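**Student:**
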Amino acid sequence: MQQRDRAVFVGDKYCSYSGNALEDAPQLKHLDDIAPDAFATLKTAYENAWTVTGRVTSSYLYKRNYSSSNANLTHSFWWIALCDKNDQLHQFSLDAESRVFENIKKGDVLSVVFPTSLTLTHQIMGREAKARVTDDTKVPAAVVHRDENQQYNIDSWFTPSDRPKSYWFVLTFILAMFGFGSVLGAGPEMLGGALLVAFVTFLLEYVANGNKHEKQLEKHATLTGAMDAFLNVTKKQLGFHLAAREHMPSDIFCHRCEERIASDSVFCASCGSQQNTDSSRVQTTNVAAIESDLLGQFHVDYSEAYTHKRVLGKDQDCEVNVSCMLAKVVSRDTSSNVSDVTTTKTTTRSYDVYHGNRYQRTETETSVSSNRLRQSKMTGKLVIKLANDEIREQGFAEDIIGGLDEGDWFIYARADAQFPVSSHNREYAYNLSQNHHFTTSTFKSYSGPSAIAKWIVLLVLFTGGNWLWSANALDILIQFQEYAFAEELSYYMPIVENIPLIVFALLNVYWFVRTLAVSAQNRKARESILSRLSDTLKQFEIELPQLQEKIKRIS
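Per our numbering: the sequence shown = residues 78 to 632.
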């Protein structure tokens with residue numbers, strides 16, 4: 078017998094209370110299984126329509142771009158994997174800028190509706206995105222099933238356009254004028270015949286455009302009506318509220334099959350073995366304890382002083398804060414921000430017109446050019462779990478937020494140098510759950526503020542000094558003509574006249590050699606500061622396979 082208040086989930090083979098084999102385990106359904114009439118109505122307008130319902134198993138944010146001489150357009154998309162009732166995986170692109178989809182995440186239940194296929198044509202941005210996104214299919218419409226506040230979205234491609242205007246009657250009027258004119262000659266008959274033909278053409282085109290527009294409106298009304306009906310289909314009706322048991326920190330592992338089960342389970346729902354025996358109590362491992370032990374590893378948090386030595390300028394002192402954490406994503410909340418700006422530039426050019434040598438008039442030409450810039454960004458925060466069960470809400474860059482799902486484990490290391498203009502460096506970032514490296518920048522490569530402005534000032538000063546010196550060098554030597562060295566130097570006037578530039582060149586050689594030495598010292602100091610972090614990350618990469626196995630087990 079099954080305990081009354083103990084839920085049975087999809088995939089369970091045994092009752093976790095009685096241990097009896099289950100004969101009526103919950104089954105998942107698709108949208109058309111629950112609302113067949115609405116789907117049949119949709120197929121009257123879109124005969125090739127199809128739908129699939131499933132749970133989002135992964136989501137990845139990426140972008141597409143269209144660029145031309147007067148436009149640079151960027152759009153954001155979610156690349157999602159959807160697992161249906163038959164454990165079949167479907168992958169599509171979702172419009173991440175839609176208010177319905179901007180916060181889509183792992184575990185959400187979606188019913189994707191394809192009245193017809195939609196294909197994205199803009200170029201995928203980024204090498205990694207090109208490798209991960211394997212299809213250009215875009216979801217035309219979808220319902221997001223939630224416990225409350227369900228929503229749906231229909232792509233703007235399906236929005237009916239305005240009724241087309243009639244233009245063909247103008248062309249037929251002109252042709253009729255020529256036709257009747259060649260037969261009847263110029264006169265009232267020619268004009269009347271042409272007007273009659275143009276009027277008939279206008280009526281035919283007006284009716285045809287009206288019928289076409291009416292069909293578009295009817296198809297759109299059918300689609301929105303079907304989506305309204307699909308919106309009333311709940312997650313419970315589809316069976317997805319029992320698709321998977323919610324993991325709890327107190328969960329344990331079955332002592333026989335190692336399946337993750339609730340701590341109060343008498344029997345394993347997967348293999349049916351009893352869990353409350355003396356031997357199973359000894360072997361029971363708490364998931365929370367395993368998580369806490371893992372999250373405590375590879376933790377680094379320290380600060381060290383650093384002096385950035387410079388050749389042309391004052392040395393810079395700062396404090397470098399170095400940190401590294403292994404964390405688990407508890408929740409992810411995202412929102413999209415789109416900026417679409419069109420800049421219009423009007424250019425006016427005036428010129429004089431002459432006939433022979435006589436001025437006639439002034440003419441003006443005006444040209445208008447426009448440039449459209451569309452930018453799309455995703456912002457948000459992650460709630461993460463750290464060592465000692467610490468829960469923290471933290472902001473991250475767009476690629477981190479878009480590359481982490483709820484439940485993912487990741488390691489994140491950074492080094493922040495507190496200069497007047499701070500240097501923030503992502504030393505290491507890796508998603509253990511998806512085997513994904515994020516782009517990094519390292520404090521080891523810090524070069525400091527540029528000295529080119531000071532060098533240019535010195536160049537100007539030495540060049541000006543050289544000009545003044547060369548103009549007066551001979552006069553100066555004449556004043557010392559009674560000395561032998563003056564006569565000797567007079568034979569080397571090209572050199573004497575450019576002594577300031579020669580000095581500047583020698584200084585450049587010195588500065589170059591000194592810069593090489595100082596750069597080596599600075600790099601050695603930076604590497605020394607990051608050595609503890611580097612050792613930790615090396616150890617992490619050594620233990621990564623075993624760590625991923627442990628994470629896979631508890632996930």
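All C-beta atoms in this analysis are idealised placements derived from N, C-alpha and C, irrespective of residue type, glycine included. Values in this document were obtained by computation on a predicted structure and should not be read as measured data.
Decide yes or no for the touch test of the region 426–445 against the region 476–496: beta carbon pairs closer than 8 Å, at least 3 of them.
**Tutor:** The answer is no - the region 476–496 does not touch the region 426–445, with fewer than three Cβ pairs under 8 Å.
**Student:** Specify the secondary structure class of Ser632 as computed by DSSP and reduced to three states.
**Tutor:** Residue mapping note: residue 632 aligns to position 555 of the sequence shown, counting from 1. Three-state DSSP puts Ser632 in coil, outside helix and strand.
**Student:** For Asp185, which option in Gly131, Leu319, Val418, Glu100 has the closest C-alpha, if you only look at C-alpha atoms?
**Tutor:** On the sequence shown, residue 185 is found 108 positions in, with the first residue counted as 1. Nearest C-alpha to Asp185 among Gly131, Leu319, Val418, Glu100: Gly131.
**Student:** What does the Cβ neighbour count give for Arg491, buried or exposed, with the cut at 16 atoms within 10 Å?
**Tutor:** The count along the sequence shown starts at 1 and reaches residue 491 at position 414. Flag for Arg491 reads buried.
**Student:** Where does Phe178 fall in DSSP's three states?
**Tutor:** What you label residue 178 is simply residue 101 of the sequence shown in a count that begins at 1. It is coil, neither helix nor strand.
**Student:** Which value, in whole angstroms, describes the spacing of the CA atoms of Pro571 and Asn543?
**Tutor:** Here residue 571 refers to the residue found at position 494 when the sequence shown is read from its first residue. Here residue 543 refers to the residue found at position 466 when the sequence shown is read from its first residue. Going from the Cα of Pro571 to the Cα of Asn543 covers about 12 Å.
**Student:** Going by other Cβ atoms of all chains shown within 10 Å of its Cβ, with 16 needed for buried, is Val359 buried or exposed?
**Tutor:** What you label residue 359 is simply residue 282 of the sequence shown in a count that begins at 1. Caution applies to Val359, whose pLDDT of 47 falls short of 50 and renders its modelled position unreliable; the model cannot decide the point.
**Student:** Would you please state the rounded distance, in angstroms, between the beta carbons of Leu294 and Pro237? I believe it to be under 8 Å.
**Tutor:** Counting from one through the sequence shown, the residue named residue 294 turns up at place 217. Counting from one through the sequence shown, the residue named residue 237 turns up at place 160. Confirmed, Cβ separation roughly 5 Å.
**Student:** Do the CB positions of Arg337 and His318 come within less than 8 Å of each other?
**Tutor:** One-based indexing of the sequence shown puts residue 337 at position 260. One-based indexing of the sequence shown puts residue 318 at position 241. Not closer than 8 Å, so no.
**Student:** Identify, in the order they occur along the chain, each residue of the same chain with its Cβ nearer than 6 Å to the Cβ of His501, setting aside the five sequence neighbours on each side.
**Tutor:** Sequence index remark: in the sequence shown, residue 501 carries index 424 (1-based). Here the set comprises Asp493.
**Student:** Less than 7 Å between C-beta atoms, sequence neighbours within five positions excluded: which residues of the same chain meet that for Phe496?
**Tutor:** Residue mapping note: residue 496 aligns to position 419 of the sequence shown, counting from 1. Gln393, Cys395.
**Student:** Within its chain, find whatever has a CB closer than 6 Å to the CB of Gln227; leave out the 5 residues flanking it on each side and keep chain order.
**Tutor:** For the purposes of this step, residue 227 is taken as residue 150 along the sequence shown, with counting starting at 1. Excluding residues within five positions, the ones whose Cβ falls inside 6 Å are Leu308.
**Student:** Do the CB positions of Thr214 and Phe276 come within less than 8 Å of each other?
**Tutor:** Locating residue 214 in the sequence shown gives position 137, where the first residue counts as 1. Locating residue 276 in the sequence shown gives position 199, where the first residue counts as 1. Result no, Cβ atoms of Thr214 and Phe276 do not sit closer than 8 Å.
**Student:** Could you give the DSSP three-state label for Met202: helix, strand or coil?
**Tutor:** In the sequence shown, the residue the question calls residue 202 occupies position 125. It is coil, neither helix nor strand.
**Student:** Taking the C-alpha atoms as reference points, what is the distance between Val537 and Tyr523?
**Tutor:** Start at 1 with the first residue of the sequence shown, and residue 537 comes out as number 460. Start at 1 with the first residue of the sequence shown, and residue 523 comes out as number 446. About 28 Å.
**Student:** Between the beta-carbon of Ile461 and the beta-carbon of Arg469, is there less than 8 Å?
**Tutor:** In the sequence shown, the residue the question calls residue 461 occupies position 384. In the sequence shown, the residue the question calls residue 469 occupies position 392. Going by C-beta atoms, Ile461 is nearer than 8 Å to Arg469.
**Student:** Could you give the distance in angstroms between the alpha-carbon of Val430 and the alpha-carbon of Thr423?
**Tutor:** For this step, residue 430 is matched to residue 353 along the sequence shown. For this step, residue 423 is matched to residue 346 along the sequence shown. Cα-Cα distance, rounded: 23 Å.
**Student:** Consult DSSP for Arg438 and reduce its assignment to one of helix, strand or coil.
**Tutor:** Start at 1 with the first residue of the sequence shown, and residue 438 comes out as number 361. In the three-state reduction of the DSSP assignment, Arg438 falls in the strand class.
**Student:** Could you tell me if Thr419 is buried or exposed, where buried requires 16 or more neighbouring beta carbons within 10 angstroms of its beta carbon?
**Tutor:** What you label residue 419 is simply residue 342 of the sequence shown in a count that begins at 1. Result: exposed.
**Student:** Taking DSSP's pairing of strands, which residues face Val406 in a bridge?
**Tutor:** Mapped onto the sequence shown, residue 406 falls at position 329. Its beta-bridge partners are Ile461.
**Student:** State whether the region 137–146 contacts the region 109–119, with contact taken as three or more CB pairs (one from each stretch) at a distance under 8 Å.
**Tutor:** no
**Student:** Note down, one range per segment and in chain order, each beta strand (DSSP E) of at least 3 residues found wholly within the region 311–384.
**Tutor:** none
**Student:** Assuming contact is defined by CB atoms lying nearer than 8 Å, are Gly96 and Gly349 in contact in what I supplied?
**Tutor:** Within the sequence shown, numbered from 1, the residue matching residue 96 stands at position 19. Within the sequence shown, numbered from 1, the residue matching residue 349 stands at position 272. Inclusion of Gly96 and Gly349 in the CB contact set at 8 Å is warranted, their separation being smaller than that value.
**Student:** Just reading off the beta strand (DSSP E) that Leu187 is part of, what are its end residues?
**Tutor:** Reading the sequence shown from its first residue, position 110 is the one you call residue 187. Taken as a continuous stretch (DSSP letters only), the beta strand (DSSP E) holding Leu187 covers 186–191.
**Student:** Would Gly457 and Asp410 qualify as a contact pair, given that the criterion is a beta-carbon distance under 8 Å?
**Tutor:** For the purposes of this step, residue 457 is identified with residue 380 of the sequence shown, where counting begins at 1. For the purposes of this step, residue 410 is identified with residue 333 of the sequence shown, where counting begins at 1. Result yes, Cβ atoms of Gly457 and Asp410 sit closer than 8 Å.
**Student:** Okay, do the region 512–527 and the region 359–379 touch, 3+ Cβ pairs below 8 Å being the bar?
**Tutor:** no
**Student:** Roughly how many angstroms lie between the CA atoms of Thr384 and Asn599, to the nearest whole one?
**Tutor:** Here residue 384 refers to the residue found at position 307 when the sequence shown is read from its first residue. Here residue 599 refers to the residue found at position 522 when the sequence shown is read from its first residue. In a straight line, the C-alpha of Thr384 is about 8 Å away from that of Asn599.
**Student:** Going straight from the alpha carbon of Ile157 to that of Leu197, what length do you get?
**Tutor:** In the sequence shown, the residue the question calls residue 157 occupies position 80. In the sequence shown, the residue the question calls residue 197 occupies position 120. Straight-line Cα distance between these residues: approximately 15 Å.
**Student:** Check this for me: beta carbons of Thr128 and Val189, under 8 Å apart or not?
**Tutor:** Numbered from 1 along the sequence shown, position 51 holds the residue referred to as residue 128. Numbered from 1 along the sequence shown, position 112 holds the residue referred to as residue 189. In contact: Thr128 and Val189 (Cβ atoms closer than 8 Å).
**Student:** Of the residues Ala303, Tyr229, Ser347, which one's Cα is nearest the Cα of Arg322?
**Tutor:** As a working mapping, residue 322 is identified with position 245 in the sequence shown. Considering only alpha carbons, the answer is Ser347.
**Student:** Hey, Lys312 and Asp224 are a contact pair by Cβ (cut 8 Å); roughly how many whole angstroms apart?
**Tutor:** Looking up residue 312 in the sequence shown gives position 235. Looking up residue 224 in the sequence shown gives position 147. Their Cβ separation, rounded to whole angstroms, is 7 Å, which keeps Lys312 and Asp224 in contact under 8 Å.
**Student:** Just mark Asp172 as buried or exposed, buried being the case when its beta carbon has 16 or more other beta carbons within 10 Å.
**Tutor:** Start at 1 with the first residue of the sequence shown, and residue 172 comes out as number 95. Counting Cβ neighbours within 10 Å, Asp172 comes out buried, since at least 16 surround it.
**Student:** Among all the DSSP beta bridges, which residues are the ones paired with Leu450?
**Tutor:** If you number the sequence shown from 1, residue 450 lands on position 373. Leu450 is bridged to Asn149, Val418.
**Student:** In the structure shown, what three-state DSSP assignment does Asp392 receive?
**Tutor:** Counted from its first residue, the sequence shown places residue 392 at position 315. In the structure shown, Asp392 sits in coil (DSSP, three-state: anything other than H, G, I, E or B).
**Student:** Could you check which residue in Val210, Leu545, Val445 has the C-alpha nearest to that of Asn147?
**Tutor:** One-based indexing of the sequence shown puts residue 147 at position 70. Of the candidates Val210, Leu545, Val445, the one whose C-alpha sits nearest the C-alpha of Asn147 is Val445.
**Student:** In the DSSP assignment, the alpha helix (DSSP H) including Asp114 goes from what residue to what residue?
**Tutor:** Here the question's residue 114 lines up with position 37 in the sequence shown. Unbroken alpha helix (DSSP H) run through Asp114: 113–122.
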